[in-house]
Each structure stands twice: as C-alpha cells, then as structure tokens.
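To start, the structure itself, in structure tokens.
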Amino acid sequence: MKKGIICGVIFLLLFLLLYFFVFHKSSPEIPESPQNVTGNAAVKKTSVPEFREIWGYLMRGKEKAFKAGAPVTDVFYFSCNVNSKGRLNMNVSRPKIPPLKGKKRRVHLVISELERSELLHKCLNPAYGIRDYLIDDILELSSEFDGIQIDFEAVSGRDRDDFFRFLELIKMGLPEGKIFSVAVPARRSRVRDDAYDYSKISERADRVFVMAYDQHWSAGTPGPVASLSWCRDVMNYAITAVPYDKLVMGIPLYGRAWYNRNESCSISTSQARRSLSGIWM
98 MKKGIICGVI FLLLFLLLYF FVFHKSSPEI PESPQNVTGN AAVKKTSVPE
148 FREIWGYLMR GKEKAFKAGA PVTDVFYFSC NVNSKGRLNM NVSRPKIPPL
198 KGKKRRVHLV ISELERSELL HKCLNPAYGI RDYLIDDILE LSSEFDGIQI
248 DFEAVSGRDR DDFFRFLELI KMGLPEGKIF SVAVPARRSR VRDDAYDYSK
298 ISERADRVFV MAYDQHWSAG TPGPVASLSW CRDVMNYAIT AVPYDKLVMG
348 IPLYGRAWYN RNESCSISTS QARRSLSGIW M
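When we follow the working numbering, the leftmost residue of the sequence shown carries the number 98, and every step to the right adds one.
Rendered as structure tokens:
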C-alpha cells in the first residue's frame, strides 16, 4: 500500500515538473517580462479601428425606413439624377433625419449618373455648353445640405481631365464648411488613363468614397459581391493613394441571386422515372 502511494506521489511530481518546463515555459501566452506585457497591450490597443465617421446611403422615398438608432453620422441622400439635358431636378429638400445621441447628423446630397457615358461626356466637356449650368444647379441645391457627393459611374477615359476640372469647379464654388465627396469604383491597382484616379480625385475632394462592392454584379458571372480577400486588396491599394482622413470604404449590406435563364433541358428516360419516384442522382 505504502509502495503504491510513494509511486503515485513520484509520478505526480514528475508530471508537475514536466508541465512546468514543457508547457508553462513554452507557452506563448505567458510574457517573459513586464515590457512584453506593455508591448502586447499596445499592439492590441492600436489594432482596434476607431471610426469617427460612419456613412450610409438613404434612397429618396425610403425616409421612414431610416432607424433612429442606426450608428450613422453621415447620410448620403440618393435623390438627384442628371436628366437627359444635363440638368438637375431642383425639387429636392433635406429629409428629416432623427439625431444620433442628441447630435445632428450630417446629410449629403448625392448627384448621380450611373450608366450614360455619352451624357456625361456632354456634361463634362465645356464645348457643349452644359457643364456650367449643371455646376450652378449643384451649388444651388447644396444650400440645404451639409455636403455634396458626385456619383458619376460611367465616366470614360477620354473625359478624365474634364472630370477632374469639373470636380475642381464644384469644390471652388461650394461655401466654406460644406463637405465635398466623390464616389469611385473599386480598384486593386492603378489603371492607366483612369478617370477615377484615386490620387487626383483626393486632391480635389474632402472625402473619397471607395465602392468596395460589386466584385460580381447582376449582369456578370455569379460570385461574391465583396469577398474578404478582394476587399483587402482594394483597401491596400486605396490607402496608398488616398489620405487617411479622406478615405471612406464602402461596405455592401446586400447580396445577389443569379438565375439560369435556360430553363429547358434534356433528360434521359431513366432520369425522368427517378424524378417521378422522388429519387434523383
């Protein structure tokens, strides 16, 4: 009996010594010195992102759907398109948005044209005589809003210089204190002769809104809207071209579904029989 107890005690001591030297000493979670504790804490602290601004889009006609508790500091009011004559609908008013923790939210009017490249060519090229009227419309509408966003998604490379000049003129014409932002498509690297040159646009805008979504879109091949690796590539490029205090990264809160439009197909007799019996292989 005593011999068994002694053997048990020896085994326990050996196990404790083994645990201490093998597991305890080699554990990466145990710092070797107080300096490491401070260093690790500093790394963890700086790795936590701090968002001074959170931006969100609100479609015209959906004002009642806006939730008062939404942690959104800035609202993009998507309500003003460029018409076929290059002018704006001037019947636009600032929506009533509930405050955030007692503080007034900023509301920015979005001026958009998403598809018509030829229309944008005529609006941006001063030779057509439309540009200055469009700028006047934008500046007039800005009076009720905290800022203006230009969301022109069909600017071709031939119009890049005219687009940059257009942005300059808007920025110059806006009253002091108004925030001027520009929406740009996602890029993972610099594109030659790109109308959406991040660096050049950031020189003319207060905020550059990178639309980090539509990696795969409705008219393209099926796939993720914004995969993590793709978004990381977009972000890594954006931070090299846009100053930190001007960069806003857009995150999608939607998904897409792709359908097979060819609904007819041929099957064998045996497949049809299995289908009728509830078995499909």
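No residue lacks a Cβ here, since even glycine has one placed at the ideal position from N, Cα and C.
Short of 7 Å from the beta carbon of Glu241, and not among the five residues preceding or following it, lie these beta carbons of its own chain, in chain order: Ser190 and Arg191. By the Cβ criterion, the region 255-268 is not in contact with the region 308-322, since fewer than three pairs of Cβ atoms, one from each stretch, lie closer than 8 Å.
Boundaries of the alpha helix (DSSP H) around Phe261: Arg257 to Gly270. Rounded to whole angstroms, the separation of the alpha carbons of Ile208 and Leu350 is 21 Å.
Counting along the chain, Arg329 sits inside the alpha helix (DSSP H) bounded by residues Leu325 to Ala338. Under the DSSP assignment, Leu344 falls in the beta strand (DSSP E) whose first and last residues are Leu344 to Met346.
By the 16-neighbour rule on beta-carbons within 10 angstroms, Gly347 is buried. The count of Cβ pairs closer than 8 Å, one atom from the region 158-167 and one from the region 231-249, stays below three, leaving the stretches out of contact.
For Leu217, the uninterrupted alpha helix (DSSP H) run begins and ends at Ser214 to Leu221, by DSSP. When rounded, the separation of the alpha-carbon atoms in Leu216 and Ser367 is 56 Å.
Annotated three-state conformation of Arg284 is coil, per DSSP. Shown here for Phe175: same chain residues with a beta carbon closer than 6 Å to its own, the five before and five after excluded, namely Tyr154, Met156 and Val207 in chain order. Annotated three-state conformation of Asp248 is strand, per DSSP.
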